[in-house]
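In case it helps, the working numbering puts the sequence shown at residues 23 to 265. Shown next, in structure tokens, is the structure this report addresses.
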Amino acid sequence: MEFILLTPRSLNSRFRAIWTSILLSTPPNFADRLEELTSFVTIDALNNLELITEIDITVVAISIGAYWHQDLQELRTRLLGLQSRSNADIQELVLAYAIALGCRDELKPQSFINQIYCDFNKRRLLSHDLKSQQQCLEQLQLAQEFVDRGASAISAHRANGLFDAIASSLYYFLSTPHSWQIITERAQRHPNSNNLQITIQSGAIASAYLGEIGNITNLNRDILTKGAIIGDRLWTEWAGVYD
């Protein structure tokens with residue numbers, strides 16, 4: 023059954039939700055770095071940006087997906103350029119696509135992986151090498167199989183299971199796309215060491231899709247305010263380009 027969002031969400035609310043989700047998923051001292059990474063995307067100055075960690079690359083991919091959501095060709099161009107200057111690969115392109123489609127209100131949980139497979143399988147040079155590209159697409163298909171079977175996280179990540187971060191992130195999102203809280207709580211308990219990256223990715227995808235993070239009653243007010251500020255700033259920059 024396809025989940026249907028009953029209340030339309032604005033692009034601004036999606037931006038707010040995405041950046042709030044990232045702040046809620048990362049250590050408190052990451053806020054300044056998050057602002058810096060986001061600003062380099064909005065001013066289109068990625069050539070001047072030093073990407074230090076996998077989390078940096080993840081955040082930049084999310085930012086590109088959100089900021090360039092209206093133009094998937096421009097999105098691809100920037101992600102492929104990022105590959106030439108960092109450890110980014112096709113996984114980040116899949117992540118950016120999920121964010122972009124969420125911002126466009128076109129992310130369909132039941133068909134997203136099939137959509138990506140059909141699109142990317144026809145293209146070449148989306149990865150450092152063709153083998154990595156095919157491996158990523160196979161991992162996405164495997165994630166869909168685990169979701170369809172209702173497999174537990176432990177079962178999905180046993181030997182011969184999921185090992186790509188984006189495949190795991192989509193497994194958590196697609197299992198319960200209606201609840202940001204359930205998605206991120208499960209991702210935080212991810213059985214492998216990359217659980218922070220997977221929590222950030224799955225939470226951001228859910229936020230782009232839902233346009234909110236759900237019940238905020240018990241959440242840190244400073245984080246909620248900071249997420250809204252960064253999201254509003256990004257929306258203002260985006261509106262200036264596309265107004």
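Note that the Cβ used here is the ideal one computed from N, Cα and C, for glycine as well.
For residue i, the three-state DSSP class (helix, strand or coil)
i, result
"residue 32", "coil"
"residue 113", "helix"
"residue 107", "helix"
"residue 132", "coil"
"residue 255", "helix"
"residue 241", "coil"
"residue 67", "coil"
"residue 217", "helix"
Rounded straight-line distance, which links the Cα of residue j to that of residue i
i, j, result
"residue 24", "residue 133", "Note that residue 24 scores a pLDDT of 41, beneath 50, so its modelled location is shaky and nothing firm can be said."
"residue 113", "residue 36", "22 Å"
"residue 174", "residue 166", "13 Å"
"residue 129", "residue 186", "21 Å"
"residue 67", "residue 46", "26 Å"
"residue 64", "residue 252", "12 Å"
"residue 177", "residue 49", "29 Å"
"residue 136", "residue 163", "8 Å"
"residue 194", "residue 70", "34 Å"
"residue 53", "residue 179", "31 Å"
"residue 260", "residue 42", "18 Å"
"residue 80", "residue 222", "8 Å"
"residue 231", "residue 105", "26 Å"
"residue 38", "residue 249", "6 Å"
"residue 209", "residue 197", "11 Å"
"residue 202", "residue 224", "9 Å"
"residue 126", "residue 213", "32 Å"
"residue 247", "residue 40", "13 Å"
"residue 131", "residue 204", "16 Å"
"residue 107", "residue 72", "9 Å"
"residue 93", "residue 122", "9 Å"
"residue 26", "residue 228", "Any reading at residue 26 must be qualified, since the residue scores a pLDDT of 42, below 50, and its modelled position is unreliable; no value is offered."
"residue 216", "residue 241", "24 Å"
"residue 258", "residue 192", "29 Å"
Buried versus exposed call for residue i [16 or more other C-beta atoms within 10 Å across all chains shown]
i, result
"residue 99", "exposed"
"residue 14", "Residue coverage of the chain in this structure runs from 23 to 265, which leaves residue 14 outside it and unanswerable."
"residue 171", "exposed"
"residue 279", "Any question about residue 279 goes unanswered here, given that the chain covers just 23 to 265."
"residue 146", "exposed"
"residue 78", "buried"
"residue 155", "buried"
"residue 238", "exposed"
"residue 148", "buried"
"residue 74", "exposed"
"residue 95", "exposed"
"residue 111", "buried"
"residue 124", "buried"
Any chain D beta carbon closer than 8 Å to residue i
i, result
"residue 241", "Within the model displayed, chain D is absent; a lone protein chain is all it includes."
Contact the region 59-66 vs the region 80-90: 3+ CB pairs below 8 Å
Taking 8 Å as the limit for Cβ pairs, the verdict is that the region 80-90 does touch the region 59-66.
Is there contact here, the region 140-159 with the region 106-122, by at least three beta-carbon pairs under 8 Å? Three or more pairs of CB atoms, one per stretch, sit closer than 8 Å, so the region 140-159 contacts the region 106-122.
**Prompt:** Along the chain, which unbroken stretches of the beta strand (DSSP E) at least 3 residues long are found entirely within the region 136-189?
**Reply:** You should have found no qualifying run.
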